Every structure is written in structure tokens, then in C-alpha cells.
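Beneath this line is the structure, given in C-alpha cells, with notes to follow.
Residue numbers (our numbering): 1223 to 1325.
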């Protein structure tokens, strides 16, 4: 369809008009290529952004897990310290044998 239209235009157009038409088509092609490039670039950026957001979410979950682990370790440490204090209080000499070296 476009080919037939081109043939009709070229058969009736002046050489200057044909030259102008060729320039218009070249510009249209450049715009088409630029549009395709832009769309591909946008897709690449969207992919990188999505991966970045996924990585951030994974890191947030890791951080939350680490915070829970730290809280559990602190609780355990407090329990051990409390038990050690009880043992030290029960021993009038202030020595608890094996525990003394771990203070």
C-alpha cells in the first residue's frame, strides 16, 4: 500500500519534491530508531530499578533478622551475667572457679 503510494507520488512529483520526501523519510526513520532506542533504554532502567528495589527489600529483611538475633543474644548474655552474679554472691570468697576466667 505504501509502495503504491510512493510510486504515485514519485510519478507526479518534481525532483525537488522527491528529494524533500526522501529527507522527510530519513528523518522519520531516525525518529523511529531513536524511539526504539529510548524504549529499550527505559526497559533497561526499569529492570535495574526493579532489581535495586528487590535488593533493598532483601537487605531490609536481612537487617531485621540480624536485629532479632542481636536482641536474642543480648537477652542470653543478660541471663548468663545474672547467673554468674548469683554464683558469685553464693561464694563468699568471690571466686567461682571456671567462671572466673570468663568474666
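For each residue, glycine too, the CB sits at the ideal point set by N, CA and C.
None of the values given here were measured: they were computed from a predicted structure.
Work out the CA separation of residue 1246 and residue 1235 for me, nearest whole Å.
-> 14 Å
Would you mind reading off the limits of the alpha helix (DSSP H) that contains residue 1269?
-> 1237–1312
CB-CB under 7 Å to residue 1325, same chain, minus the five flanking residues each way: which ones, in chain order?
-> Below a pLDDT of 50, predicted positions are generally treated as unreliable, and residue 1325, at 48, falls in that range; the measurement from the model is reported next regardless. Answer for residue 1325: no residue qualifies.
Residue 1296 to residue 1276, Cα distance in whole Å?
-> 30 Å
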